[in-house]
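A short worksheet on the structure shown next.
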Ligand code: THU
């Protein structure tokens, strides 16, 4: 599965966004090493802090199905906003622990796209290495 195909999966996942408060829809798709796809969408809540972002939904789905850092190959994140949705700070911290630092992260809003990774998105990481000695 190539970058464009994974982005298309993320756009399909975006249709499942539950965003009655922000009306901002985000979709994510994870590709595993055995070619499975896990979708995620943003799921909001009236208690706003309980909202789950799309990329966290996708990575938690992959982990819940037994996949780990070494078996997660790529992540696509898309939105319907005017500019590319780069992961929020909480998602960067979560991704820093749950995916490989150099794993490709594809971003698109249907107009612009770019490829990055978590090492680039989150420099000077605080990680499990700091806590587990
Ligand atoms: N959102 C995501 O799903 N991913 C991000 O990285 C940025 C923010 C969602 C959360 C909320 O439902 C909406 O976008 C507006 O913040």
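Numbering (the working numbering), first residue to last: 104 to 236. Idealized CB from N, CA, C, for every residue including glycine.
Worksheet item: Which residue from 175, 180 and 104 puts its Cα closest to that of residue 213?
Response: Indexing the chain shown from 1 puts residue 213 at position 110. For residue 213, the nearest C-alpha among the options comes from 180.
Worksheet item: Skipping 5 residues on each side, what residues in its chain have a beta carbon closer than 7 Å to that of residue 231?
Response: Mapped onto the chain shown, residue 231 falls at position 128. Answer for residue 231: 200, listed in chain order.
Worksheet item: From this set, 209, 167, 202 and 234, which residue's C-alpha is nearest residue 104's C-alpha?
Response: By 1-based counting over the chain shown, the position of residue 104 is 1. The shortest Cα separation from residue 104 among 209, 167, 202 and 234 belongs to 209.
Practice prompt. Determine the burial state of residue 191: buried for a count of at least 16 other Cβ atoms within 10 Å of its Cβ, exposed for fewer.
Written response: Within the chain shown, the letter at position 88 stands for residue 191. Burial call: exposed.
Worksheet entry | Whole-angstrom C-beta distance between residue 138 and residue 145, which should lie under 8 Å | As a first step, residue 145 must be located in the chain shown, where it is residue number 42. As a first step, residue 138 must be located in the chain shown, where it is residue number 35. 25 Å between Cβ atoms; not a contact.
Practice prompt. Count the other C-beta atoms from every protein chain shown that fall within 10 angstroms of the C-beta of residue 202, then say buried if there are 16 or more, exposed otherwise.
Written response: If you number the chain shown from 1, residue 202 lands on position 99. The residue in question, residue 202, is buried, as its Cβ has 16 or more Cβ neighbours within 10 Å.
Discussion item. At 3 residues or longer, what runs of the beta strand (DSSP E) sit wholly inside the stretch 202-228?
Written reply: 208-211 and 216-219
Worksheet item: Since residue 177 sits in a beta bridge, which residues does DSSP pair it with?
Response: As a working mapping, residue 177 is identified with position 74 in the chain shown. Residue 177 is bridged to 134.
Discussion item. Just to confirm before moving on: does the CB-CB distance between residue 161 and residue 189 stay below 8 Å?
Written reply: Walking along the chain shown from the start, residue 161 turns up at place 58. Walking along the chain shown from the start, residue 189 turns up at place 86. No, the Cβ-Cβ distance between residue 161 and residue 189 is not below 8 Å.
Worksheet entry | Enclosing beta strand (DSSP E) for residue 151 [first to last residue] | The residue given as residue 151 occupies position 48 in the chain shown. No beta strand (DSSP E) holds residue 151; DSSP gives it neither H nor E.
Worksheet item: Helix, strand or coil: which one does DSSP assign to residue 192?
Response: For the purposes of this step, residue 192 is taken as the residue at position 89 of the chain shown. Helix, per DSSP.
Practice prompt. Under the assumption that residue 174 contacts residue 150 (Cβ atoms under 8 Å), give the Cβ distance between them as a whole number of angstroms.
Written response: Here residue 174 refers to the residue found at position 71 of the chain shown. Here residue 150 refers to the residue found at position 47 of the chain shown. Actually they are not in contact, since the Cβ atoms of residue 174 and residue 150 sit about 34 Å apart, beyond 8 Å.
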